[in-house]
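Read through the structure below, which is laid out as structure tokens, and then see the notes.
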DNA sequence: ACAAAAGTGTTTTACATACACCCATGG
DNA sequence: CCATGGGTGTATGTAAAACACTTTTGT
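Have a look at this one:
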């Protein structure tokens, strides 16, 4: 095809993590080379022979060492002056990670990778602030009607973790009793025999998310939904 | 930048129209040149100096003569073999149109443009069937929690048009009384003094969508929502 | 007067909300 | 025994769902 088009295609990911009751995102910084002293979303250019999904996964792995089990396309940013060096469009993604499962050793060692609390994000390169904003909005919308919050928690978690996760992401107060009542009514949580250890106060029973059960219920018309007005 | 990337960027639109109580989409067919005898979503390659949104609007205008007042980015399709001639990624959109407002004279006259009932879609080129599927899903989700259905109707419409629109798109039966009660409780419809003309049965009063009022309510925390279980 | 579609209220049911005290553990 | 967070039930309010007959117009 003889099309006179010179546009580069990149992917970028807003990677969410949740530790110590704080929502965080994963940012990188080039150690050498690049002029700017700014942090950026992990990402990079798509190769000719890889799909978009493959590209994000690869870049994430290369730049941060992280492998996301939840990855969802977010939006494609294509305005003219995103990158001054060339016309670049960015297909963005959101990813959910449990930071405990990975150490950020920054595989390709020219890169610094770090978790930043959502409340203390540094100045970001390009239009990444805008991408992040859209990513947060999507996360808020998505955890309200899909059980994806569990991807951010340990496999076995106390109810309070779930509560705090929702309160943090949606910035709303929860009534603990009603929240628990609702979640249990969905019947997608398994009660384990385990309890928290070494905590102050009464140790909480641990629960796990029953994904298989959820899929079944979903097939039968069940809709997960958590609304915090 | 010295990136060895050879990927072309296209845009495609799933354009919805609604006439005679039937949901339709707008398809095009190249009159000469292209090999395939298949219909396709309107769209084309992005120019170096235009944004993605500008690109869809331009292509829509060029290929079908239509100007969408509602246009929303849908998803970016980027698998390897979408187009056999080259690596092409497609940033897709959905658009809502009232077909009565346009005649499809196919501006660039090498192209045929036609409305197809959603229930009688011909074989589509490339992966456009997949794009269409995602477009329909998005439309169904979106009209459930945003008042975008009005973009498909006349400025003044009888309640029955709204009912039929929702029933058609969501493939669910509506209780007319409850539906009307709910819509009216939102207070985003203006009652006009006009009535249907030349219809069988009792002529219905016409209503119009008060967008300004909706924006105000939205700002105050109101959430539009129509759920048809 | 008949056919066709519009218009209209009430009752029942289910879910969301609001709310406060006792329990288990570690120090 | 005190501090810390975990666990639990009921009453009330509000919105959704179910449901059928009368009205207006054209033929």
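Residue numbers (my numbering), protein chains in the order written: chain A, 869 to 1097; chain B, 869 to 1097.
Even for Gly, the Cβ is constructed at its ideal location relative to N, Cα and C.
Contact under 8 Å by Cβ, residue i with residue j
i                      : j                      : result
residue 881 (chain B)  : residue 911 (chain B)  : yes
residue 1042 (chain A) : residue 1096 (chain A) : yes
residue 953 (chain B)  : residue 995 (chain B)  : no
residue 919 (chain A)  : residue 948 (chain B)  : yes
residue 942 (chain B)  : residue 876 (chain B)  : no
residue 1081 (chain A) : residue 978 (chain A)  : no
residue 923 (chain B)  : residue 879 (chain B)  : yes
residue 1034 (chain B) : residue 1093 (chain B) : no
residue 883 (chain B)  : residue 928 (chain B)  : yes
residue 1029 (chain B) : residue 1038 (chain B) : no
residue 1000 (chain A) : residue 989 (chain A)  : yes
residue 1047 (chain A) : residue 1062 (chain A) : no
residue 1119 (chain A) : residue 906 (chain A)  : An answer regarding residue 1119 (chain A) cannot be provided, because it is not within the stretch 869 to 1097 covered by chain A.
residue 1019 (chain A) : residue 938 (chain A)  : yes
residue 913 (chain B)  : residue 871 (chain A)  : yes
residue 887 (chain A)  : residue 968 (chain A)  : yes
Nearest-angstrom beta carbon gap, residue j and residue i [assumed within contact, 8 Å]
i                      : j                     : result
residue 1110 (chain B) : residue 934 (chain B) : No answer is possible for residue 1110 (chain B): the residues shown for chain B start at 869 and end at 1097.
residue 944 (chain A)  : residue 962 (chain A) : Not really, about 13 Å apart at Cβ, beyond 8 Å.
residue 1036 (chain B) : residue 889 (chain B) : 6 Å
residue 874 (chain A)  : residue 916 (chain B) : 6 Å
residue 891 (chain A)  : residue 932 (chain A) : 17 Å between Cβ atoms; not a contact.
residue 983 (chain A)  : residue 885 (chain A) : 6 Å
Contact set between residue i and chain B, taken where Cβ atoms lie within less than 7 Å
i                     : result
residue 871 (chain A) : 876, 913
Chain-ordered chain B contacts of residue i [CB-CB under 8 Å]
i                     : result
residue 943 (chain A) : 941
Chain A contact residues for residue i, given Cβ-Cβ distances below 7 Å
i                      : result
residue 955 (chain B)  : 916
residue 1053 (chain B) : Those do not exist, as residue 1053 (chain B) stays about 17 Å from chain A at its closest Cβ, beyond 7 Å.
Chain A residues whose Cβ lies nearer than 9 Å to that of residue i
i                     : result
residue 958 (chain B) : Going along chain A, no residue has its Cβ under 9 Å from residue 958 (chain B), so there is no contact; the nearest lies around 10 Å.
Residues that residue i contacts on chain B, provided the C-beta gap is smaller than 9 Å
i                     : result
residue 947 (chain A) : 919, 920, 921
Those runs of the alpha helix (DSSP H) which lie wholly inside the segment 916–942 of chain B and span at least 4 residues: 920–932
Meets three-Cβ-pair contact criterion under 8 Å: the segment 1019–1026 of chain B and the segment 1063–1075 of chain B: Short answer: they touch.
Length at least 4, wholly inside the segment 1042–1070 of chain A: the alpha helix (DSSP H) runs in chain order: Those alpha helix (DSSP H) runs which fall completely within the segment 1042–1070 of chain A and span 4+ residues are 1044–1054.
Ranges of the alpha helix (DSSP H) found wholly within the segment 1004–1040 of chain A, counting only runs of at least 4: You should have 1027–1038.
Minimum length 3: unbroken beta strand (DSSP E) runs contained in the segment 944–991 of chain B: 956–964, 979–985
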